[in-house]
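Number of protein chains: 2
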Amino acid sequence: MATIYEVASMAGVSPSTVSRVLNGQNVSAEKARRVREAAKALSFTPSRIARTLRLQTSEVIALVIPDIENPFFTAMARGVEDVAQAAGYSVVLCNSDEDHAKEARYLDIAIEAKMAGVILAAAGDNCDLSGLIERNRPVVAVDRSPHGFDIDAVMVDNRAGGRTATAALQSQGFSRIACITGPRDVETAVHRADGWRDAARTTGPVDERYLKYADFRVDGGNKAMRELLAMPEPPDAVFVANNLMGVGALQVLAQSGQLPPALGVAVFGDLPFAPIAPMAITVIPLPARRLGVTAANLLLDRINGDDQPPRTIVLRNQAA
Amino acid sequence: MATIYEVASMAGVSPSTVSRVLNGQNVSAEKARRVREAAKALSFTPSRIARTLRLQTSEVIALVIPDIENPFFTAMARGVEDVAQAAGYSVVLCNSDEDHAKEARYLDIAIEAKMAGVILAAAGDNCDLSGLIERNRPVVAVDRSPHGFDIDAVMVDNRAGGRTATAALQSQGFSRIACITGPRDVETAVHRADGWRDAARTTGPVDERYLKYADFRVDGGNKAMRELLAMPEPPDAVFVANNLMGVGALQVLAQSGQLPPALGVAVFGDLPFAPIAPMAITVIPLPARRLGVTAANLLLDRINGDDQPPRTIVLRNQAA
DNA sequence: ACCCTGGCAGAAATCGATTTCACTCGTCAA
DNA sequence: TTGACGAGTGAAATCGATTTCTGCCAGGGT
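Line order of the protein sequences matches chains A and B.
According to numbering that gives the first Met the number 0, the first sequence is numbered sequentially starting from 0.
According to numbering that gives the first Met the number 0, the second sequence is numbered sequentially starting from 0.
Okay, here's the thing in structure tokens:
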């Protein structure tokens, strides 16, 4: 692995000069040529590690997501990646697995690997960003925004989405509409349920027994749906607050022969690999990729020194 | 951000001593105590960057996969992650997007970030591992093994799987069985097609027009299936060589009203979020997570100095 | 003739941890 | 009593790039 010193001695100049050539500073044409030749001959690549140690920053951004197996987040990751790569940044993907401890670990790593910034889809509302903020590392929240920190965020309008989905079921003639949402400590989950409540209230009192908190995963949706069906007076429709739980719920309904339109189903977020039969399911599409793109652009702005007050960007659910 | 020097001066010792305390070398009990107290008081974390520069290695392994949106690879990633984390390594996930140039870039990054090793699901057979090998960084191939490099690999028996899948269709009474496989330059794609050919040959000459090379993605499967249906004498069944193309093919069949069992379908790899109706689809399950676990263990062995000749581990398709 | 400015380039400091080297003390065996 | 040995410690070198600090030299203004 060639170092800058070897290049320097081969080109007959000092390491400083090599560095200057590489970073496009004033160097005489002749020496610049010699340096470039030497660098090519030795197939020299500057050590990022040394560079990072000196500069105290690196061209890497961390993307921390709670579930790498959820296509929503991977689509978002693609968006982030595309923007970041185009700007010359690498993205490292960190899967917090909805686990606060793992998440905290990754945030620590981001700090101390001197990463340029972090895009965070938090595992819960309470996560400690103080380390990053103290060290002045930009953070952009995406999809979920942690409490108590005034940072940039890119969100969708969860409450409106929940309302729309529930209203769609109502207009299909369903009246006992249940809701399966995510964990209580995840803002998006609560807001989507609020939207459900908003819509439900328009036709009468809200029966809170029809609200199930689950875990945003297939199994959680599966279990919650089974519980709902086992109620003395089961719902005649269900609003499921994310894609994976939607899959879980549909599994149960398929088993029990109550697929839509027998039992109404509305899902927040695109069903992954939406297969087969275009069924009578209401889907509130989510601009996953666009969330990632927007967050990445926001972060890059911050990295480049933009210091206006934090913004929260709310994307429309429908690509207009 | 506290440094080792600040800790040293607070504890009234030299930086060397601090380092020794942290790395568990011989230090008198009294000084060790003072160092630990100072470290805690300053909430000191050693800089990985500086450490990596000095040691020329870091506790990070790279996992390079060709498609982050394919649940097969994300499941694999989970396996890798779990093993690596347990051993104290961080995993950075790199999405090569089936693009050889991106893949090469990530391999470069792995080299020069001094990562401890690489687990690679290659974008194609021809990929250049010489950089890693020259620098003695362990590499484990998973799912696909690059040509021309004698390295550890964890594979499934693709040919046998293709054979089994096709035979299953035959035994269901189908006779004109097509095959949709992946890119020509991806070993797994070719082997799965070979398996199809093996089985097809048992009942007569193989019609190569029934073999479509696609791209291992939903759209590719979609397009290939449409082409097959448009043939003068369309097949009466199809073996699809990966999960995403399976989804694509099924989309087409659903549209044209030829879902199984009207037209036989066998898929290599679990259908993602296998939804709804347990249809008459033959699925060859793939131990995705186990591939990751096995690869990670292999890699950790190498990192820890194991230098027996490279091994190739072939996992059974069925969890026995 | 003299000073100032600005471009160019090398020496050396810097980033923060690890490790070698060298030195001091004790302890123990000869 | 002396030499050997080992544990404990600090000073300094090291990893590789960037950057400040200096100094040199040429060109232009007075």
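Cβ coordinates follow ideal geometry from the N, Cα and C atoms, glycine included.
Where does the unbroken alpha helix (DSSP H) through residue i begin, and where does it stop?
i       : result
Y105(B) : H99 to E111
F71(A)  : P70 to A85
V251(B) : N242 to Q254
A49(B)  : R47 to L54
G130(B) : S129 to E133
Looking at the structure shown, is residue i part of a helix, part of a strand, or coil, going by DSSP?
i       : result
I150(A) : coil
L119(A) : strand
T202(A) : coil
G290(A) : Just to set this straight, residue 290(A) is Leu in the shown sequence, not Gly. If DSSP states are grouped into helix, strand and coil, L290(A) belongs with the helices.
S42(A)  : coil
V6(B)   : helix
L314(B) : strand
Y212(A) : strand
V217(A) : helix
I67(A)  : coil
S170(B) : helix
M114(B) : strand
S89(A)  : strand
A229(A) : coil
G161(A) : helix
A140(B) : strand
G194(B) : helix
N94(A)  : strand
V185(A) : coil
Can you tell me where the beta strand (DSSP E) holding residue i begins and where it ends?
i       : result
G11(A)  : Premise fails: G11(A) is in no beta strand (DSSP E) and is neither H nor E.
S57(A)  : S57 to I64
G23(B)  : Premise fails: G23(B) is in no beta strand (DSSP E) and is neither H nor E.
A236(B) : A236 to V239
G263(A) : G263 to F267
V282(A) : I280 to I283
A177(B) : I176 to T180
Name the chain B residues whose beta carbon is nearer than 7 Å to that of residue i?
i      : result
V94(A) : Note that residue 94(A) corresponds to Asn in the displayed sequence, not to Val. What N94(A) touches in chain B: E80.
A38(A) : The premise fails here: A38(A) is roughly 14 Å from chain B at the closest Cβ pair, so nothing lies under 7 Å.
Could you give the distance in angstroms between the alpha-carbon of residue i and the alpha-carbon of residue j?
i       : j       : result
G87(A)  : T73(A)  : 20 Å
R216(B) : G247(B) : 8 Å
A31(A)  : S18(A)  : 10 Å
R136(A) : V20(A)  : 29 Å
R310(A) : A192(A) : 25 Å
S255(B) : L270(B) : 20 Å
G123(A) : V237(B) : 45 Å
M75(B)  : R289(A) : 26 Å
M9(A)   : N25(A)  : 20 Å
A49(A)  : S15(A)  : 14 Å
V63(B)  : R200(A) : 49 Å
S174(A) : E232(A) : 12 Å
R225(B) : A253(A) : 28 Å
D81(A)  : A37(B)  : 44 Å
A7(B)   : A1(B)   : 10 Å
A83(B)  : Y105(A) : 14 Å
V79(A)  : I110(A) : 19 Å
D142(A) : G130(A) : 21 Å
L228(B) : P65(B)  : 29 Å
Y209(B) : L249(B) : 17 Å
E133(B) : V117(A) : 33 Å
Could you list which residues in chain A have their beta carbon closer than 7 Å to that of residue i, in chain order?
i       : result
P70(B)  : E68
P271(B) : P271 and F272
S15(B)  : What S15(B) touches in chain A: nothing, since even the nearest Cβ is about 19 Å away.
E111(B) : T44, S46 and R47
Below 8 Å on C-beta distance, what does residue i contact in chain A?
i       : result
A76(B)  : I67 and N94
M224(B) : The premise fails here: M224(B) is roughly 13 Å from chain A at the closest Cβ pair, so nothing lies under 8 Å.
R73(B)  : According to the sequence as given, residue 73(B) is Thr; it is not Arg. Here the neighbours are I67, E68 and T73.
I320(B) : There is simply no residue 320(B) to check, as chain B begins at 0 and stops at 319 in what is shown.
Kindly list, in the order they appear in chain B, the residues whose Cβ is closer than 8 Å to that of residue i.
i       : result
L52(A)  : S46, I48, A49 and L52
S129(A) : Those within 8 Å of S129(A) in chain B number zero; the least Cβ separation is about 11 Å.
Identify the contact partners of residue i in chain B, using a Cβ-Cβ distance below 9 Å as the criterion.
i       : result
I64(A)  : Within 9 Å Cβ-Cβ: nothing; I64(A) doesn't reach chain B, min ~10 Å.
R134(A) : M0
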